[in-house]
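Data first, discussion second: the structure below is written as structure tokens.
In the UniProt record's numbering, the protein residues as written are 1 to 152.
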């Protein structure tokens, strides 16, 4: 039943009916649908049909992780980074990377660029990211450019 509600919510969202989509995603999330939990968090981050609220986004990403979502591990990293909590961002990106999300390696590499003494970590994470077959070409170019500058 939650899959049907989720599909209805997704359709409403695609049609720009954000408030109705949120209502349906919320219902599916309350029934335990982890994808709906992730979408609620995303909607809070983008303020589509609801007020912008990172704390609520983090709450729902955490619920999605607790329900088994791997995608939400990465999203928690993004949310904490946006809030300026680099320590928590690193923690969640590491969890996402451990779960097989190589995009998290790119984010970890960029977070370690802050400190010149961590250049080895930057290169390590970026090379790990480049092992991904599913990354965007612009992201690959960004990683290669950073590595090139460091290794000069």
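We treat Cβ as the ideally placed atom computed from N, Cα and C, and that holds for glycine.
None of the values given here were measured: they were computed from a predicted structure.
Three-state secondary structure assigned by DSSP to residue i
i, result
"residue 68", "coil"
"residue 85", "coil"
"residue 75", "helix"
"residue 96", "helix"
Range covered by the alpha helix (DSSP H) that runs through residue i
i, result
"residue 138", "137 to 150"
"residue 53", "Looking at the DSSP string, residue 53 is not in any alpha helix (DSSP H), and its letter there is neither H nor E."
"residue 10", "2 to 14"
"residue 46", "34 to 46"
"residue 130", "Unbroken run through residue 130: none, as it is neither H nor E."
"residue 104", "103 to 112"
"residue 118", "Careful: residue 118 lies outside any alpha helix (DSSP H) and carries neither H nor E."
"residue 29", "18 to 30"
Contact under 8 Å by Cβ, residue i with residue j
i, j, result
"residue 31", "residue 2", "yes"
"residue 57", "residue 37", "no"
"residue 5", "residue 27", "yes"
"residue 61", "residue 41", "yes"
"residue 74", "residue 105", "no"
"residue 79", "residue 45", "yes"
"residue 143", "residue 109", "yes"
"residue 77", "residue 107", "yes"
"residue 39", "residue 18", "no"
"residue 93", "residue 49", "no"
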